[in-house]
Amino acid sequence: MYAIFIRKSLKSILFVAIASFYIGCGDSDLGRLTGGPVFSTFFNNRMLLLLKGTYSTDNPIEFSDYNGGTGQLYQDDFGDEKGPPHITNALPSAAGLPILLDFGEIRISTKFQKGINELTQIRDPLDSEEFWDFIASERQVYCTTNYSLEEDTCQKQGGLFKAQEFFNGNGAVFPSNDPTSETYACSNPEFLAQCLGIGLTPEDTLGTQYWYTGIYFRSMVTGWAIQNGGQLFDQARFDNRRVPGLNIVPRNNYEPRTTDADKQQIVPKLFPLLYSVQATHRDMQIRGGIDPIILEVRMNMKENLMVHTIDRLGGFRESLVAFSDWNVDNRGEPDIGGNLLLRSRVIYPEFAASLNITGGQGNLSYYYGVYHSDEAELKKQLPLAATPARSSASIKYLNPGNYKLYCIGDTERVDGFPETIISQTEFVVNPEDRRTTINVELACP
103 MYAIFIRKSL KSILFVAIAS FYIGCGDSDL GRLTGGPVFS TFFNNRMLLL
153 LKGTYSTDNP IEFSDYNGGT GQLYQDDFGD EKGPPHITNA LPSAAGLPIL
203 LDFGEIRIST KFQKGINELT QIRDPLDSEE FWDFIASERQ VYCTTNYSLE
253 EDTCQKQGGL FKAQEFFNGN GAVFPSNDPT SETYACSNPE FLAQCLGIGL
303 TPEDTLGTQY WYTGIYFRSM VTGWAIQNGG QLFDQARFDN RRVPGLNIVP
353 RNNYEPRTTD ADKQQIVPKL FPLLYSVQAT HRDMQIRGGI DPIILEVRMN
403 MKENLMVHTI DRLGGFRESL VAFSDWNVDN RGEPDIGGNL LLRSRVIYPE
453 FAASLNITGG QGNLSYYYGV YHSDEAELKK QLPLAATPAR SSASIKYLNP
503 GNYKLYCIGD TERVDGFPET IISQTEFVVN PEDRRTTINV ELACP
């Protein structure tokens, strides 16, 4: 009995010693740890990482609302200089399309200069390791339907539920560590110029500024494809299994008409899917303290699924479902990338306000989009926050700042992505508006 007591005591002392060591480490130490699961997970639960596959941050459309309420997938134009005709045998509805997603990890970075020109300065693994903060390196598999009879990775991880959360606007919780969060005084000469550059005064404070977010796709399979007239039932591999459809990641890594020579000089667009913060914005600033934070990372996937047909070498003609070519037109080329965008923001729920918007007419081809008041290139990135222009529309979680609210319509090319500005207004979220609701009216359409 005495020996057992001694062994138990030693284990308790060892656990307390290890725990004390890690608790004593600052956020900056834990935030820079890389690799697999880290011990800090047990002690540091400040940040919630939410991954969304929607253009809208709040209350996105249903798959049944697709394409003017028909529920049918969009189809790329074909004809002269637009692309070959589609073969649509057994084409499912948007709601009936199986979608399988395999995410390697999510990373963020504070290294502004090194990331300029879409990561082309990062040339080797050492560059990558020094550039990124590895905050979420646990592989995640989501699936809208089961793809095997045995216990696969999606089933083990609860991926069916996570896929629902990924597409319904709530956001799927992605396992993560807290990133580095240090706060600096703007009165410090070392940081004064940076503070002044983003509109802060010497009396303000500056948090740790992250400039880039990257999502690394391992695979994405859309569960329908036709090749030379025949449906593909078992040619795609996902999670080491044969599944119907095609892995569309290789097709979306490069924009149409990208030459082989250019591909050697640029980073594939889904490895990682990249978001770069504009220099004047602080959406990715994390300050020290214990206030809970949400890192919301989202992409325009759900609303923008489209049938494309491409001509491959050897005379193969292939119809598949990928993302609508609202941004970079596809004319039958094997590459159909450049149309999936990423945006991320850090939310302080205790300090954020909500937005109640009136004036919507309920046409789900129109959206309310919130941008910073100084954003100009609206078609090059997703809104900071967005929601369909229903008669009763709302957006939650807006940090203090100056904003513009736009009514944006999918009218130029009906493909699920709104790019036509119909109307706009301005509003402000003041620091004293924390946890309140701001009312804004904007007719839409």
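Mapping the sequence shown onto my numbering, position 36 (from 1) lands on 138, and the numbers just tick up by one.
Think of the CB as a built atom: it goes at the ideal place given N, C-alpha and C, for glycine as much as any other residue.
For clarity, every value in this text was computed on a predicted model and none was experimentally measured.
* Asked: In the structure shown, what three-state DSSP assignment does T246 receive?
  -> Secondary structure of T246 (DSSP, three-state): coil.
* To do: Give the DSSP bridge partners of Y470, in chain order.
  => Looking at the DSSP output, Y470 bridges to T489 and C509.
* Under three-state DSSP, which class holds T255? -> Helix, per DSSP.
* Ordered along the chain, which non-local residues of its own chain (more than five positions away) have a Cβ less than 8 Å from that of E528? -> Cβ neighbours of E528 beyond the five flanking positions: S475, N504, Y505, K506 and L507.
* To do: For G518, collect the residues of the same chain with a Cβ closer than 6 Å to its Cβ; drop the 5 residues on either side in sequence, then sort them by chain order.
  => Taken in chain order, the residues that qualify are Y176, E405, N406 and S426.
* Q380 in three-state terms, based on DSSP -> In this structure, Q380 counts as coil in the three-state DSSP scheme.
* C-beta atoms of N354 and G439 nearer than 8 Å -> With contacts defined as CB atoms closer than 8 Å, N354 and G439 qualify as a contacting pair.
* Asked: Measuring CA to CA, which of E284, S166, E420 and R241 is closest to Q337?
  -> Among E284, S166, E420 and R241, the Cα nearest to that of Q337 belongs to E420.
* **6 Å Cβ shell around L203 - same chain, five flanking residues per side excluded** => Result list for L203: Y244 and M322, in chain order.
* Which of helix, strand or coil DSSP assigns to Y176 -> Correct three-state label for Y176: strand.
* Asked: For I201, which beta-bridge partners are listed by DSSP?
  -> The partner list for I201 (beta bridge, DSSP) reads T324.
* Please confirm whether P358 and D413 have their CB atoms less than 8 Å apart. => No, these two residues do not count as a Cβ contact at 8 Å.
* Asked: What residue from G462, P485, T539 and N330 has the CA that sits closest to R545's CA?
  -> Correcting the residue identity first, residue 545 is Ala in this sequence and not Arg. Ranking the options by Cα distance to A545, first place goes to G462.
* Asked: Starting from D229 and walking both ways along the alpha helix (DSSP H), at which residues does that stretch end?
  -> Counting along the chain, the alpha helix (DSSP H) containing D229 begins and ends at P227 to F233.
* Are the segment 295–310 and the segment 371–385 touching, with three or more C-beta to C-beta distances below 8 Å? -> Using a C-beta cut-off of 8 Å, the segment 295–310 makes contact with the segment 371–385, since at least three inter-stretch Cβ pairs fall below that distance.
* To do: Give the DSSP-derived three-state secondary structure of L298 in the structure shown.
  => Here DSSP, grouped into helix, strand and coil, assigns L298 to helix.
* Asked: When burial is assigned at 16 or more other CB atoms within 10 Å of the CB, is T489 buried or exposed?
  -> Buried: at least 16 other Cβ atoms inside 10 Å.
* Beta-bridge partners of G503, as assigned by DSSP -> In DSSP, G503 forms a bridge with V531.
* When you compare only the Cα positions, how much space is there between A327 and V472? -> Between A327 and V472, the C-alpha separation is close to 36 Å.
* Is S475 helix, strand or coil when you go by DSSP? -> In the three-state reduction of the DSSP assignment, S475 falls in the coil class.
* Same chain, Cβ closer than 7 Å to A197, five either side skipped, listed in chain order -> The answer, listed in chain order, is F165, S166 and G173.
* CB contact flag (L375, M401, <8 Å) -> Yes, the pair counts as a contact, with Cβ atoms nearer than the cut-off.
* Cβ neighbours of P533 in the same chain (closer than 6 Å, five flanking residues each side left out) -> Counting only Cβ-Cβ distances below 6 Å, and skipping sequence neighbours, we find P502.
* Burial state of L228, where buried means 16 or more other Cβ atoms lie within 10 Å -> By the neighbour-count rule (16 or more Cβ atoms within 10 Å), L228 is not buried but exposed.
* Give me whichever residues DSSP pairs with K154 in a beta bridge. => Looking at the DSSP output, K154 bridges to R400.
* Asked: With a Cβ-Cβ cutoff of 8 Å, do I218 and I237 count as a contact?
  -> No; because the gap between Cβ atoms is not below 8 Å, this pair is not in contact.
* Asked: T222 to F319, Cα distance in whole Å?
  -> Whole-angstrom Cα-Cα distance: 18 Å.
* For S283, does the count of other Cβ atoms within 10 angstroms reach 16, so buried, or fall short, so exposed? -> Label assigned to S283: buried.
* Residues bridged to D413 [DSSP beta-bridge criterion] -> Answer by DSSP bridge pairing, in chain order: R419.
* Asked: Taking the Cβ atom as the reference point for each residue, do T324 and I201 lie within a distance shorter than 8 Å?
  -> It is a contact, given that the beta carbons lie within the stated cut-off.
* Considering only the beta carbon of each residue, do H348 and L298 sit closer than 8 Å? -> The residue you asked about is not His; residue 348 is Leu in the sequence shown. 8 Å or more divides the Cβ of L348 from the Cβ of L298.
* To do: Please say whether T411 and G185 have beta carbons closer to each other than 8 Å?
  => Their beta carbons are under 8 Å apart, which means G185 touches T411 by this criterion.
* Asked: Straight-line CA distance for D254 to Q266?
  -> If I take the Cα positions, the gap works out to 18 Å.
* Smallest Cα separation from G390: which of S195, P291, D280 and G417? -> Of the listed residues, the one whose Cα sits closest to G390 is D280.
* Rounded to whole angstroms, what's the CA-CA distance from E52 to G417? Just pull it up for me. => Residue 52 falls outside the range modelled here, since the chain spans only 103 to 547, and no answer is possible.
* From R343 to L442, what distance separates their C-alpha atoms? -> Looking at the two C-alpha atoms, the distance is approximately 26 Å.
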